[in-house]
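So the sequence shown is numbered by my numbering: it starts at 71 and just counts up by one.
Using N, Cα and C, we set each Cβ at its ideal position, and we do this for glycine too.
Here's the structure, in structure tokens; my notes come after.
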Amino acid sequence: MTLALRYANETGGIGLTQSGAFNRKFVHWAAEHFEWPDFTATELFEMNKVLDEYKMPPLFPVHGLLRHLKLLRRYKGKLVATKKGREMAEASDVFFDLTAPVYLYRFIHDERIEARGGPLGNWDIFLNVINVEARVGCTLAHLLKTLYGWEEKDRYDPEHSDMRFALKFCVLQPLCWLGLLWEDREGLRIWDDGTFYKTPLWHAALKLETDGQAALRLV
Numbered sequence: 071m072t073l074a075l076r077y078a079n080e081t082g083g084i085g086l087t088q089s090g091a092f093n094r095k096f097v098h099w100a101a102e103h104f105e106w107p108d109f110t111a112t113e114l115f116e117m118n119k120v121l122d123e124y125k126m127p128p129l130f131p132v133h134g135l136l137r138h139l140k141l142l143r144r145y146k147g148k149l150v151a152t153k154k155g156r157e158m159a160e161a162s163d164v165f166f167d168l169t170a171p172v173y174l175y176r177f178i179h180d181e182r183i184e185a186r187g188g189p190l191g192n193w194d195i196f197l198n199v200i201n202v203e204a205r206v207g208c209t210l211a212h213l214l215k216t217l218y219g220w221e222e223k224d225r226y227d228p229e230h231s232d233m234r235f236a237l238k239f240c241v242l243q244p245l246c247w248l249g250l251l252w253e254d255r256e257g258l259r260i261w262d263d264g265t266f267y268k269t270p271l272w273h274a275a276l277k278l279e280t281d282g283q284a285a286l287r288l289v
């Protein structure tokens, strides 16, 4: 998100379409510079000749949060950086502390999933469980079993599918997009789930009740 702020500051603003979405010029720039997991420029342009904001889902929270936090404001068909936004663009640690809690705890990550009740549990549970289970890497299937008791053989149960998608798109994906987790997908097909690992930022940003357990290693 700091890249978007710097872009707005250095270029005089982010252009908007008539509907208020980021224009293609910025979306193409973002695809080439942001390097979002699963949304790199190579992957995006393999399927699209041109990119609009709706074809690059990671831009939804960027757009929403920068406006919500009053870091960008609309002016003459563009989003320009506010004074607060210009300050935040040069203070990435302060910017992370401001945006990360809002994004994780208050942002609607998927409207359809949230309309059905969202993931079963809360962020205190999710973060502490992942803190322990991802100490040497864990899969989505492993977390489903740990949190809810679901086995892989249950994957054809509609409730299992609902929980799987909720956990993936409302918990794991936001953590990956914030840089707290990364998913190893080497050698996997597009519909396969990878293995999730904690990043150095996880340890720097989070202080959790299970930190002592997370430090344990299996012998």
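Best match in the options for proximity to residue i [C-alpha to C-alpha]
| i | options | result |
| --- | --- | --- |
| Pro131 | Asp180, Ala204, Tyr267 | Asp180 |
| Val120 | Leu139, Lys148, Asn93, His138 | Asn93 |
| Lys277 | Met71, Ser231, Asn201 | Asn201 |
| Asp263 | Leu214, Thr269, Gly249 | Leu214 |
| Gly207 | Pro228, Met71, Glu253 | Glu253 |
| Glu105 | Met71, Lys238, Leu135 | Met71 |
| His103 | Met126, Trp193, Gly188, Glu184 | Met126 |
Buried versus exposed, by CB contacts within 10 Å (16 or more), residue i
| i | result |
| --- | --- |
| Ala204 | buried |
| Arg234 | buried |
| Ile195 | exposed |
| Trp220 | buried |
| Val241 | buried |
| Ile84 | buried |
| Leu142 | buried |
| Trp247 | buried |
| Lys268 | buried |
| Gln283 | exposed |
| Val97 | buried |
| Met117 | exposed |
| Ala185 | exposed |
Alpha-carbon to alpha-carbon, residue j and residue i
| i | j | result |
| --- | --- | --- |
| Glu279 | Leu73 | 33 Å |
| Gly90 | Asp281 | 43 Å |
| His138 | Glu113 | 29 Å |
| His273 | Phe177 | 23 Å |
| Ser162 | Ala170 | 11 Å |
| Leu149 | Asp122 | 16 Å |
| Pro107 | Ser231 | 23 Å |
| Leu168 | Ala211 | 32 Å |
| Glu256 | Ala236 | 23 Å |
| Leu251 | Tyr226 | 27 Å |
| Leu258 | Phe239 | 18 Å |
| Gln243 | Pro228 | 21 Å |
Within 9 Å, strictly: CB atoms of residue i and residue j
| i | j | result |
| --- | --- | --- |
| Leu174 | Leu129 | no |
| Thr110 | Ala101 | yes |
| Thr216 | Phe266 | no |
| Phe166 | Ala275 | yes |
Cβ-Cβ separation, residue j to residue i (assumed contact under 8 Å), whole Å
| i | j | result |
| --- | --- | --- |
| Asn79 | Arg156 | 5 Å |
| Leu75 | Met158 | 6 Å |
| Val305 | Leu135 | Not covered by the structure: residue 305. The range shown for the chain is 71 to 289. |
| Tyr77 | Trp99 | 7 Å |
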